[in-house]
Amino acid sequence: MLQTLIAPMAAHVALAATLYFLLTIARAPVVWGIGRGADGSNPWAALEPRISANLSSQFEWPVFFHVACLIFFQIQPDLIAVVLAWIFVGGRVLHSAVQIFTRNIRLRGIVFTVNFIAVLGLWLVAVLTIGNGSVI
Numbered sequence: 009m010l011q012t013l014i015a016p017m018a019a020h021v022a023l024a025a026t027l028y029f030l031l032t033i034a035r036a037p038v039v040w041g042i043g044r045g046a047d048g049s050n051p052w053a054a055l056e057p058r059i060s061a062n063l064s065s066q067f068e069w070p071v072f073f074h075v076a077c078l079i080f081f082q083i084q085p086d087l088i089a090v091v092l093a094w095i096f097v098g099g100r101v102l103h104s105a106v107q108i109f110t111r112n113i114r115l116r117g118i119v120f121t122v123n124f125i126a127v128l129g130l131w132l133v134a135v136l137t138i139g140n141g142s143v144i
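If you read the sequence shown in our numbering, its first letter stands for residue 9, the second for the next number, and so on.
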C-alpha cells in the first residue's frame, strides 16, 4: 500500500515541475527575447505573476502533505489516507488552474479549503493510527 502514497507525492512534484516549466515559458520573452510580441511586449505578462505566486504556494501548505505522507512510510497507510492524498493532489491541480487562469478568489478559497481539510484529515488519521498503535 506504500506505493499508493508515493504516487500522489510524485504527482504533486510533477505539478510543481509543470509550474516551473510554465514560468520559464512566461518569462522567456523578457529573459531570452523568445516569443516577444511584434511590439516587443511579453504576451504572457498577465499570467507570469499568477504562475509565480502559485508556484510559491506549492511550498507552503503542501509541505504538511508531504510530511504526513512520510509518516505513513513508517506505518501502514489505509484507504482513507490514500483517498485523502489524492483529494489533496487533485485539489492542488484545480487550485493552480483557478489561480492562474481566473481571478475568482471565492472559488480559489473553496478549492484551497478542500486541500486544507484533506491534509488535516491525513494528519488526523496518522495521529490516531500512531496513538492506537494500529491502523485505523
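Cβ coordinates follow ideal geometry from the N, Cα and C atoms, glycine included.
Kindly say whether residue i, judged by its beta-carbon, lies nearer than 9 Å to any beta-carbon of chain D.
i: VAL38; result: In the structure shown, chain D cannot be found, because there is only a single protein chain.
Taking the C-alpha atoms as reference points, what is the distance between residue i and residue j?
i: LEU128; j: PHE73; result: 9 Å
i: ALA126; j: GLU56; result: 28 Å
i: THR137; j: PRO85; result: 9 Å
i: ALA53; j: ALA134; result: 43 Å
i: VAL101; j: ALA36; result: 23 Å
i: ASN140; j: ARG111; result: 44 Å
i: ILE14; j: LEU63; result: 21 Å
i: ILE144; j: ILE83; result: Here ILE144 scores only 49 on pLDDT, less than 50, and its place in the model is too uncertain to base an answer on.
i: PRO51; j: PHE81; result: 44 Å
i: PHE109; j: HIS103; result: 10 Å
Relative to the C-alpha of residue i, which residue among the options is closest?
i: LEU132; options: ILE113, VAL75, GLY117; result: VAL75
i: GLN66; options: GLN107, ALA36, ARG111, PRO51; result: GLN107
i: VAL122; options: ALA34, PRO70, ASP47, LEU31; result: PRO70
i: MET17; options: ASP47, THR32, CYS77; result: CYS77
Between the region 95-104 and the region 20-34, are three or more C-beta pairs nearer than 8 Å?
yes
When you compare the region 36-50 with the region 84-93, are there three or more beta-carbon pairs, one atom per stretch, that lie closer than 8 Å?
no
Please go through the region 28-104 and give each complete alpha helix (DSSP H) segment of 4 or more residues, from N-terminal end onward.
56-65, 70-80
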